[in-house]
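Same order as they appear, the protein sequences are chains V and E.
Just so you know, the working numbering puts the end of the first sequence at 371, numbered straight through with nothing missing.
Just so you know, the working numbering puts the end of the second sequence at 1283, numbered straight through with nothing missing.
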Amino acid sequence: MHTETIDHGNAEKPPHLRFQFSDSARQFHAAKFGMWLFLGQEVMFFSALLCAYAYYRNQFPVAWSMASHHLNTTFGLLETINLLFSSFTVALAIHFVRLGKRTITSVLLFVTLACGILFLVMHSYEYYTEYHEGLLPGRFFHPEAGWHMPMESAMFMSCYFFTTVLHSIHVLIGVGVLGVIMVFNMKGKYSPAYYTHVEIGGLYWHLVDLIWIFLFPLYYLVA
Amino acid sequence: MSLAVVEQAPGHHEGAEEPDYIRGKSGVMSWVLTLDHKRIALLYLATVTLTFFLGGVFALALRTELLVPENGIMDAMTYNRMFTLHGVTMVFFFMIPAIPGVFGNFFLPIMIGAHDVAFPRLNLASYYLFLAAVCLGVWGMIHGGTDTGWTFYTPYSTTTTTTVLPILAAAFVNGFSSILTGVNFIVTIHTLRADGVHWMRLPLFIWALYGTSVIQVLATPVVGITLALCAVEHFLGTGIFDPARGGDPILFQHLFWFYSHPAVYIMVLPAFGVASEVVGAFTRKPLVGYRMIALSTFGIAFVGFLAWGHHLFTSGQSAVDAGVFGFLSMLIGIFTSIKVFNWVASMYKASIVMTTPFMYALGFFFLTVFGGMTGVALATISLDVHWQDTYFVVAHFHFIMAGAVVLMFLAALHYWFPKMFGKLYAEGPAMVGAVLVILGFIGTFTPQFFLGNEGMPRRYYSYPAHFQWLHVASTIFAYILFLGLLLTLVNLIVALVSGEKAPNNPWGAPQYEWDIPSPPTEHNFPATPVINRDPYEYRGEGIIENAH
Chain V
149 MHTETIDHGN
159 AEKPPHLRFQ
169 FSDSARQFHA
179 AKFGMWLFLG
189 QEVMFFSALL
199 CAYAYYRNQF
209 PVAWSMASHH
219 LNTTFGLLET
229 INLLFSSFTV
239 ALAIHFVRLG
249 KRTITSVLLF
259 VTLACGILFL
269 VMHSYEYYTE
279 YHEGLLPGRF
289 FHPEAGWHMP
299 MESAMFMSCY
309 FFTTVLHSIH
319 VLIGVGVLGV
329 IMVFNMKGKY
339 SPAYYTHVEI
349 GGLYWHLVDL
359 IWIFLFPLYY
369 LVA
Chain E
736 MSLAVVEQAP
746 GHHEGAEEPD
756 YIRGKSGVMS
766 WVLTLDHKRI
776 ALLYLATVTL
786 TFFLGGVFAL
796 ALRTELLVPE
806 NGIMDAMTYN
816 RMFTLHGVTM
826 VFFFMIPAIP
836 GVFGNFFLPI
846 MIGAHDVAFP
856 RLNLASYYLF
866 LAAVCLGVWG
876 MIHGGTDTGW
886 TFYTPYSTTT
896 TTTVLPILAA
906 AFVNGFSSIL
916 TGVNFIVTIH
926 TLRADGVHWM
936 RLPLFIWALY
946 GTSVIQVLAT
956 PVVGITLALC
966 AVEHFLGTGI
976 FDPARGGDPI
986 LFQHLFWFYS
996 HPAVYIMVLP
1006 AFGVASEVVG
1016 AFTRKPLVGY
1026 RMIALSTFGI
1036 AFVGFLAWGH
1046 HLFTSGQSAV
1056 DAGVFGFLSM
1066 LIGIFTSIKV
1076 FNWVASMYKA
1086 SIVMTTPFMY
1096 ALGFFFLTVF
1106 GGMTGVALAT
1116 ISLDVHWQDT
1126 YFVVAHFHFI
1136 MAGAVVLMFL
1146 AALHYWFPKM
1156 FGKLYAEGPA
1166 MVGAVLVILG
1176 FIGTFTPQFF
1186 LGNEGMPRRY
1196 YSYPAHFQWL
1206 HVASTIFAYI
1216 LFLGLLLTLV
1226 NLIVALVSGE
1236 KAPNNPWGAP
1246 QYEWDIPSPP
1256 TEHNFPATPV
1266 INRDPYEYRG
1276 EGIIENAH
């Protein structure tokens, strides 16, 4: 944790210190605090969808579990492991940027980013199979007749698609953000004295991961 | 002098006079790409003035149509679009961003002794998101507008053939502007207070902005996702709120009001904050009940999250739920009363200086008390069943939400005008404008209480002939209100062009922001100040007569 304090007025100000802050520690705290508030906002964003999920699952328990059985649990599990691993690598990246190890930080950020892309590819494949099985939401819901899926299963697919697509958009944004941070890191923008972007980018990535930890059992493992 | 200097500010050279923030830089790019919180505040001011005018034109069109029981100046469909666009424009593009965007941006850093907000670039991004939302909204209006009402209730909003998608998108984008402003303000208040500004020295306007920001961050995403669901359903027929596919329209109402009820406090809490500042400045004695006014803000912000169900009393809610929601809604009346009693106590035996901002504050107290009391009445379930969806509700929320916000927006504009622009306005026309606006507001909506009580439903195009005189009275006062606003606008523009130069503290007010030059310099303070007194400690300096 970086807690270096700059003497008021006397010492030379570091280049990353913006004029409105009196010292780096406070600037770092502000950035982190802002990110935490933003994450609070994200939680509320998804909680409305979880609220809809809870309500409709309670309304249509049978249709819900039948539709859930058609999701690809193996893929869901692999995606979960993949994201958990990427959370680990981004945490390591923050650890190493604090130690000033630029190359290993870049490698770890790249691994994290690659995991994000792998997640998106795997999930796209899932969407592709669901498209072929007619398991799309609302008026596009035309499952094979032999499956005897009740109409209400369409509601499951609506919730599933809306929530996971929104989550995938977050993964995509995370990949972009981590990509930019990786480039900045390779250009030597960060040091043990200043690594704010890596820290708050990591926080965001952990949240994206955390949301998936909730979505996976809720959608894939409904008994 | 109460602001001591300890640290050199950036760009400040010993002995050099720093130019003010308006003259410091010139050129269009210095405005559209500015990171200065004061210039961003002026960008907001220009934009919300336009949106307020737009919403006002819609309102006048509605009132003009209602002069006659049927077939006035427009057909029924146009009327439906008009009340929707009036609501959308006023709620999303004026009342939510107006006071935080303009006066919050301008004065939050100054009032805590900071050089800027914590994230200036995010601040500019918030403004452009807001501008993008306004453009999207106006684009939707030009392409026909929509007729759903600003509440976008499903399943009507997901099936209407009018141009609802750009309007939904506008509300969604506007939400993100509001969230980012909230994040920025909270972080600024936590991390950029100058030495000496401890929590119990924060000006009450800052406490109000803090409460507002908490609601913005926690409630806005919920409506964002709800409107997104609504838009996707309209577009793809996903069925989440569609009964034909097992969906439940009531779920939309719950999710919508989970935001939109707290949102009325996003609108009114900053107005309460301005009221505290104006009372603190013109009563010539320390404000009574500082702690209670500050804490009641959080009472309102917290209970505001638990009261949304009072919009659904007639939507098939159980009696127990309705009872709990009704009780919680009434609690808000208690927290608001704490504020009102403290303001009134501050005026008791005070040497009140009767100025235009104070006049607006008086009008605001009237509207708040009657708007608030009718709110408690509406939270009573048995009464609400009678008043639900009538003009009584319309009159109630125009008193407490619209009237309170508009009056305190104008109060803030007059109160801080000399500081923001370094010019004095003419007191006479400003006062006449204030009286016209206050009378106009009260006169427009008082007849609507009677109309609603007699059963006139809201959003109706035609009405029985015996309601006509009340509608005519309402419309006449709406025009008086418009006249007052016009006079105010002209007076302030004249002041901008040819106003007398304002001294640093024309009001003799005790608050911190009056200690710095009018208009402030680019970084507000030559160096980071140390503040060693309370914000409402009246010092008996610079009485108003000196200023004119």
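Even for Gly, the Cβ is constructed at its ideal location relative to N, Cα and C.
Sort the options by Cα distance to residue i and report the nearest one.
i, options, result
"E:H1046", "E:T893, E:F818, E:I985 and E:F1070", "E:I985"
"V:A302", "V:Y201, V:I361 and V:A211", "V:A211"
"V:L351", "V:F169, V:G224 and V:A239", "V:A239"
"E:T1125", "E:V1059, E:G1175 and E:Y1195", "E:Y1195"
"E:L944", "E:T1032, E:P1021 and E:L864", "E:T1032"
"E:E1162", "E:L1186, E:G1190 and E:M1089", "E:M1089"
"E:A1244", "E:V1079, E:L1222, E:S1197 and E:K1020", "E:K1020"
"E:L1041", "E:G1061, E:T1049, E:S1209 and E:G1024", "E:G1061"
"E:Q1203", "E:L802, E:D755 and E:F787", "E:L802"
"V:Q168", "E:P1270, E:R1274, E:G875 and E:A1262", "E:A1262"
"E:F1101", "E:D1056, E:N806 and E:L1174", "E:L1174"
"E:S1093", "E:A904, E:T1018 and E:V1129", "In the sequence on display, residue 1093 of chain E carries Phe and not Ser. Nearest of E:A904, E:T1018 and E:V1129 to E:F1093, Cα basis: E:T1018."
"E:L1113", "E:K1154, E:A1057 and E:I1087", "E:A1057"
"V:T251", "V:P162, V:S339 and V:Y368", "V:S339"
"E:T889", "E:G974, E:N806 and E:F841", "E:G974"
"V:F288", "E:G1098, E:P1199, E:D1119 and E:G972", "E:G972"
"E:F1132", "E:V826, E:G1234, E:L797 and E:T916", "E:V826"
Confirm, please, whether the CB-CB distance from residue j to residue i is below 8 Å.
i, j, result
"E:E1257", "E:E800", "no"
"E:T895", "E:T886", "no"
"E:S913", "E:I831", "yes"
"E:I845", "E:V932", "no"
"E:F838", "E:V1009", "yes"
"E:P1254", "E:D755", "yes"
"E:L1142", "E:Y1214", "no"
"V:G282", "V:H271", "no"
"V:A196", "E:V957", "yes"
"E:V1023", "E:A1080", "yes"
"E:P1270", "E:L1222", "no"
"E:A853", "E:L927", "yes"
"E:I950", "E:P901", "no"
Helix, strand or coil for residue i per DSSP?
i, result
"E:P978", "helix"
"E:E749", "Since pLDDT at E:E749 reaches only 45, below the 50 mark, its modelled position is unreliable, and no value is offered."
"E:S1086", "coil"
"V:E101", "The structure shown does not extend to residue 101 of chain V, since chain V is modelled only from 149 through 371, so no value can be given for it."
"E:A1139", "helix"
"V:S105", "Nothing about residue 105 of chain V can be read from this structure; chain V reaches only from 149 to 371."
"E:S737", "Because E:S737 carries a pLDDT of 46, less than 50, the predicted location of this residue cannot be relied on, and no value is offered for it."
"E:I902", "helix"
"V:P365", "helix"
"E:V1023", "coil"
"E:A1057", "helix"
"E:D930", "strand"
"E:F1099", "helix"
"E:D983", "coil"
"E:L770", "coil"
"E:K1074", "helix"
"E:G1277", "Note on E:G1277: pLDDT 43, under 50, position unreliable in the model; the coordinate value appears next. Reduced to three states, the DSSP call for E:G1277 is coil."
"E:V1158", "Residue 1158 of chain E is actually Lys in this sequence, not Val. Here E:K1158 sits in strand by DSSP."
"E:F1048", "coil"
"E:T819", "helix"
"E:D851", "coil"
"E:H1283", "Because E:H1283 carries a pLDDT of 36, less than 50, the predicted location of this residue cannot be relied on, and no value is offered for it."
State yes or no: is the C-beta of residue i nearer than 7 Å to some heavy atom of the ligand FAD?
i, result
"E:I808", "As presented, the structure is devoid of all ligands, the ligand FAD included, so that no description of it is given."
| the region 1100-1116 of chain E in contact with the region 1062-1071 of chain E per 3-pair CB rule at 8 Å | Flag = yes, the region 1100-1116 of chain E and the region 1062-1071 of chain E touch.
| task | Taking only runs that begin and end inside the region 183-225 of chain V, name each unbroken alpha helix (DSSP H) of 4 or more residues, in chain order. | result | Runs found: 209-216.
| Per the contact definition of three or more C-beta pairs closer than 8 Å, is the region 351-363 of chain V in contact with the region 179-189 of chain V? | They touch, by the three-pair rule.
| So, do the region 917-929 of chain E and the region 870-882 of chain E have three or more beta carbon pairs nearer to each other than 8 Å? | Contact fails: fewer than three Cβ-Cβ distances are below 8 Å.
| query | Okay, do the region 755-769 of chain E and the region 232-251 of chain V touch, 3+ Cβ pairs below 8 Å being the bar? | reply | Touching, no.
| query | Counting only runs that start and end within the region 1184-1267 of chain E, where is the alpha helix (DSSP H) found for 4 or more residues in a row? | reply | Secondary structure within the region 1184-1267 of chain E: the alpha helix (DSSP H) runs of 4 or more consecutive residues, fully enclosed, are 1203-1233 (chain order).
| query | Can we say the region 250-261 of chain V touches the region 330-345 of chain V, given the rule of at least three CB pairs closer than 8 Å? | reply | Yes, the region 250-261 of chain V touches the region 330-345 of chain V.
| request: Would you check if there are 3 or more beta carbon pairs closer than 8 Å linking the region 1228-1238 of chain E to the region 1179-1186 of chain E? | output: Counting C-beta pairs closer than 8 Å gives fewer than three between the region 1228-1238 of chain E and the region 1179-1186 of chain E, which falls short of the contact rule.
| request: Compile a chain-ordered list of the residues in the region 842-857 of chain E whose CB is closer than 9 Å to at least one CB of chain B. | output: As a matter of chain content, chain B is missing from the structure shown, whose protein chains are V and E.
| message | For the structure I just gave you, are there three or more beta carbon pairs, one from the region 985-997 of chain E and one from the region 960-970 of chain E, closer than 8 Å? | response | Touching, yes, given that three or more Cβ pairs across the two stretches are closer than 8 Å.
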